[in-house]
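Report on one structure; see the data block that follows.
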Amino acid sequence: MTTSIKQQASDKIINRIRALLAMGADTSSENEAAIALKRARKLMDEHQVNLSDIEDMTEDDLGTADFDIGSTQQKIWISSIALDVAKMNDCIVGFATRTSRRETLRYQFKGFKEDAKLCEFMLVY
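With the sequence shown counted from 1, adding 1 to any position gets you this note's numbering.
Next up, the structure:
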């Protein structure tokens, strides 16, 4: 009896996370998307749910997000924050490739699409 109650609760949480991730993918309102992604991440952390638990992952689920620092010079404090944000969201951060030295630097987060987008939102915030 308790197994079915636990399974129902687990299914309810997974369905809620799916709904939040879908809201986070909606780009019509970036603030609402960021809030939805933060809530999804919090639920996933609280209940130790991975994206693989939510759905079968494919190459299409991986993505990147860029953050333009608005300067051609690296700022150590932004690098430190970018590293911590990436670590918190299971992503990798590096510099996006520049075509010229005059082009501004951009941090590039790599990981699951939702996590990479969340990193971008957190760094902007």
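All residues carry an ideal CB built from backbone N, CA and C; glycine is no exception.
Just so you know, these numbers come straight off a predicted model, no measurement behind them.
How far does the beta strand (DSSP E) with residue i in it extend, from its first residue to its last?
{"i": "D67", "result": "L63 to D69"}
{"i": "K43", "result": "Here K43 belongs to no beta strand (DSSP E); instead the alpha helix (DSSP H) covers E31 to E47."}
{"i": "V94", "result": "I93 to F96"}
Evaluate residue i with the Cβ neighbour count: other Cβ atoms within 10 Å of its Cβ, from every protein chain shown; 16 or more gives buried, anything less gives exposed.
{"i": "I18", "result": "buried"}
{"i": "K118", "result": "buried"}
{"i": "N16", "result": "exposed"}
{"i": "G25", "result": "buried"}
{"i": "D116", "result": "buried"}
{"i": "A66", "result": "buried"}
At which residues does the alpha helix (DSSP H) containing residue i begin and terminate?
{"i": "K88", "result": "I77 to M89"}
{"i": "V125", "result": "K114 to V125"}
Can you give me the C-alpha to C-alpha distance between residue i and residue j, rounded to a whole angstrom?
{"i": "Q109", "j": "I70", "result": "11 angstroms"}
{"i": "V94", "j": "I14", "result": "29 angstroms"}
{"i": "R107", "j": "A20", "result": "30 angstroms"}
Is it the case that the region 25 to 45 contacts the region 103 to 123, given that we only count it when at least three CB pairs across the two stretches are under 8 angstroms?
Taking a cut-off of 8 angstroms on C-beta distances, the region 103 to 123 touches the region 25 to 45, as three or more cross pairs fall below it.
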